[in-house]
Amino acid sequence: MAALRAALLAWFDASGRDLPWRAGIEGRRDPYRVWVAEVLLQQTQVSRGLGYYERFLDAFPTVQVLAQAPLEAVLKAWEGCGYYARARHLHRAAQQVAAQGFPTSYAGWRALPGVGPYTAAAIASLAFGEARAVNDGNVRRVLARLGAQTRPSDTWVQAQADALLDPERPGAWNEALMDLGATVCTPRAPRCAACPVAAFCQAFAQGQPTAFPAPKVRAPVQEVRAVAVLMGDARRAVLEPRTGTLLGGLMGLPTEVVEASETSQQALGRLCARLDATPQELLGEVVHGMTHRRILLQVYGARGMQAPQPVAQAALSRLDQKALALGDQQAPLFPVS
DNA sequence: AATACGGGGCG
DNA sequence: CGCCCAGTATT
2 MAALRAALLA
12 WFDASGRDLP
22 WRAGIEGRRD
32 PYRVWVAEVL
42 LQQTQVSRGL
52 GYYERFLDAF
62 PTVQVLAQAP
72 LEAVLKAWEG
82 CGYYARARHL
92 HRAAQQVAAQ
102 GFPTSYAGWR
112 ALPGVGPYTA
122 AAIASLAFGE
132 ARAVNDGNVR
142 RVLARLGAQT
152 RPSDTWVQAQ
162 ADALLDPERP
172 GAWNEALMDL
182 GATVCTPRAP
192 RCAACPVAAF
202 CQAFAQGQPT
212 AFPAPKVRAP
222 VQEVRAVAVL
232 MGDARRAVLE
242 PRTGTLLGGL
252 MGLPTEVVEA
262 SETSQQALGR
272 LCARLDATPQ
282 ELLGEVVHGM
292 THRRILLQVY
302 GARGMQAPQP
312 VAQAALSRLD
322 QKALALGDQQ
332 APLFPVS
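With positions in the first sequence counted from 1, the corresponding number in our numbering is that position plus 1.
Pasting the structure below:
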């Protein structure tokens with residue numbers, strides 16, 4: 002245990018990543034910057050989060066600025082990053098923090114919207130030096146391989162992480178474990194030759210590091226057909242707020258799902274009746290994959306009385322960005338090869 | 001315990 | 001194309 006800790010921390014001190022939210026003293030990082038980074042990185046790879054992080058902190062440099070900003074501005078900064086509930090929760094939590102001050106403990110952070118066990122442990126250890134072991138996808142994979150566990154339960158992973166955590170340097174230890182998982186002990190092609198703890202790894206000893214952990218079973222992707230109308234063009238269009246959980250809070254083209262029992266023309270008729278609009282020609286079709294569903298969206302032109310709004314200021318999903326591109330006058334409707 | 005929730009990267 | 005990513009909230 003002590004040898005494993007020393008080996009990993011030595012590797013981390015020499016080869017750990019230099020990331021923008023790691024500025025400051027170890028164990029005493031800026032809580033706001035750590036918090037934003039941790040939320041942004043939920044289910045999001047670091048390489049992708051970097052650009053959003055810079056953009057977000059530029060727009061909302063302090064928790065007070067974030068708390069006073071309109072939600073639409075926060076969602077606009079989050080545009081394209083996915084899992085938009087993160088932005089809504091972060092905004093709501095910022096208002097609590099602006100009024101009551103930053104929590105200073107795991108339990109205090111855990112009580113904020115959008116802050117679960119992982120994020121609370123990360124902030125508590127990185128910014129407040131609290132001895133809390135994080136449990137994320139990296140930690141799960143590294144520990145599963147160290148112990149050669151095919152299907153480690155969440156309880157098992159947390160217990161291992163708790164036992165292994167270096168109480169002297171909890172923040173650095175958590176970062177070290179995650180860095181190892183992200184840069185060496187990777188899912189597909191781990192670089193065991195460069196691993197500082199290979200000597201302690203049972204999966205490596207068995208010669209099958211990628212056998213652990215076993216892939217998660219995932220729900221099959223659902224196919225969804227939908228119709229949308231573009232009233233306007235790629236720059237100015239009639240937009241509606243999306244309600245519900247899917248893309249909730251974002252704006253988008255007026256859309257109706259095509260039910261299994263109906264044709265797309267019937268759905269289009271329903272949509273245009275709701276909008277009091279007249280359908281026109283088919284502009285094109287967009288295919289959009291979203292982890293758990295595959296959306297085939299037919300986009301029609303339409304005429305109505307609603308005033309188009311500038312799309313540049315609206316927060317849109319990738320799906321709606323693709324759909325709007327069909328209205329770009331510069332782009333040929335039928336691309337020539 | 002199971003499910004919903006985005007989008008992109010990589011082998 | 002399949003699997004995964006610094007997970008959380010809801011049911």
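Don't be surprised by glycine CBs; every beta carbon is placed ideally from N, CA and C.
Rounded straight-line distance, which links the Cα of residue j to that of residue i
| i | j | result |
| --- | --- | --- |
| L248 | G83 | 8 Å |
| G245 | C186 | 38 Å |
| R93 | C202 | 42 Å |
| G302 | L231 | 5 Å |
| L72 | A315 | 11 Å |
| T151 | L276 | 53 Å |
CB contact flag (residue i, residue j, <8 Å)
| i | j | result |
| --- | --- | --- |
| R142 | P255 | no |
| G290 | V300 | no |
| S29 | A132 | For the record, residue 29 in the displayed sequence is Arg; it is not Ser. Cβ distance not < 8 Å, so R29 and A132 don't count as in contact. |
| L9 | L144 | no |
| E282 | L272 | no |
| V198 | I296 | no |
| R192 | P311 | no |
| A122 | Y107 | yes |
| A68 | A95 | yes |
| M252 | E241 | yes |
| G305 | V239 | yes |
| A204 | A212 | yes |
Contacting residues, own chain, Cβ-Cβ under 8 Å from residue i (five flanking each side not counted)
| i | result |
| --- | --- |
| Y54 | P21, W22, V37, A38, L41 |
Beta-carbon proximity list for residue i, same chain, < 7 Å, skipping 5 on both sides
| i | result |
| --- | --- |
| A220 | H293 |
Close beta carbons around residue i, own chain, < 6 Å, minus the five adjacent residues each side
| i | result |
| --- | --- |
| A183 | N139 |
| W174 | L166, D167 |
| P114 | H90, R93, A94 |
| A134 | A162, D163, L166 |
| G50 | L41, L42 |
Buried versus exposed, by CB contacts within 10 Å (16 or more), residue i
| i | result |
| --- | --- |
| R1 | Residue 1 is absent from the structure shown; the chain starts at 2 and stops at 338. |
| I26 | exposed |
| M2 | exposed |
| V75 | buried |
Could you pull out every unbroken alpha helix (DSSP H) segment of at least 4 residues lying fully inside the segment 204-276, listed in chain order?
265-276, all fully within the segment 204-276.
What are the complete alpha helix (DSSP H) segments, minimum 4 residues, inside the segment 105-136?
Complete alpha helix (DSSP H) runs here, min 4: 107-111, 118-129.
Please specify which runs of the alpha helix (DSSP H), each continuous and at least 4 residues long, are wholly inside the segment 60-104, giving them in chain order.
Scanning the segment 60-104 for uninterrupted alpha helix (DSSP H) segments of 4 residues or longer gives 64-69, 72-79, 86-101, listed from N- to C-terminal end.
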